[in-house]
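Asker: Numbering-wise, the sequence shown is residues 645 to 808 according to this note's numbering.
Cβ coordinates follow ideal geometry from the N, Cα and C atoms, glycine included.
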Amino acid sequence: MQQSEIISNVLNELADVIAQMSQEEYSTCSVNLSGATIGQHTRHIIELFQCLHNGYLDGTVNYENRKRDTRIETDREIAILCIEDILGDIYKEDKQLTLEAEFDGKTMINVNSSYNRELIYNLEHAIHHMALIRVGINELTSITLSEKFGVAPSTIEYRRKCAQ
């Protein structure tokens with residue numbers, strides 16, 4: 645399975661779960677998420693994919709330059725539309741990119757990367773945040789999640805082997 649297909653499956657699962665929530669559940673602060681909302685974690689996932697998309701043409705990706713669009717974190721329908729946009733745009737040719745990162749507020753670090761490498765980073769990042777979203781869903785909703793929601797593929801495979 646191609647990485648874009650895996651990303652598509654993961655993001656479709658996220659969109660499906662968001663569609664099952666009420667607007668209130670999506671934007672309610674979670675005690676177990678230190679006051680964050682499911683919507684805030686979803687926005688963070690979306691905006692990193694958007695940064696990759698925006699940096700693809702000029703070859704430079706900077707994840708700190710996110711818009712931090714509060715509409716994504718407060719309106720689940722906008723979030724779902726953003727996920728659909730991402731899904732329609734991840735199938736790009738691999739190419740070299742420069743990743744810009746700023747860690748102390750003044751030092752810019754440039755690292756050679758590639759589109760496919762950054763897609764994998766975004767996938768792993770999304771799964772990590774979906775694990776946190778799972779915590780919020782369990783606290784705030786009655787939605788039943790699949791066993792794989794927010795779980796890394798390597799962990800799923802390890803669990804499968806252990807069960808045999």
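#1: Assuming ARG715 and CYS695 are in contact, meaning their beta carbons sit under 8 Å apart, how far apart are those beta carbons, in whole angstroms?
#2: Just to confirm my understanding: we take HIS697, look at its own chain, exclude 5 residues before and 5 after, and list those with CB closer than 6 Å. What are they?
#3: When DSSP labels each residue in this structure, what does SER758 get in the three-state scheme?
#4: Decide if the stretch 770 to 785 is in contact with the stretch 653 to 673; the criterion is three or more beta carbon pairs, one per stretch, under 8 Å apart.
#5: By Cβ distance, which residues of its chain are closer than 7 Å to CYS726, with the 5 residues on each side in sequence left out?
#6: Would ILE753 be called buried (16 or more neighbouring beta carbons within 10 Å of its own) or exposed?
#7: Please confirm if the stretch 670 to 685 is in contact with the stretch 762 to 769, defined as three or more CB-CB distances below 8 Å between the two stretches.
#8: Once DSSP output is grouped into helix, strand and coil, what is the label at GLU708?
#9: Are THR686 and ILE662 closer than 9 Å when you measure CB to CB?
#10: Would you report the Cα separation of THR704 and LEU767, rounded to the nearest angstrom?
#11: Could you pull the DSSP bridge partners for ILE753 from this structure?
Answerer: From the atom records:
#1: Not quite, the Cβ-Cβ distance comes to about 17 Å (not below 8 Å), so this is no contact.
#2: ASP733
#3: strand
#4: yes
#5: ILE690 and ILE716
#6: exposed
#7: no
#8: coil
#9: yes
#10: 19 Å
#11: ALA745
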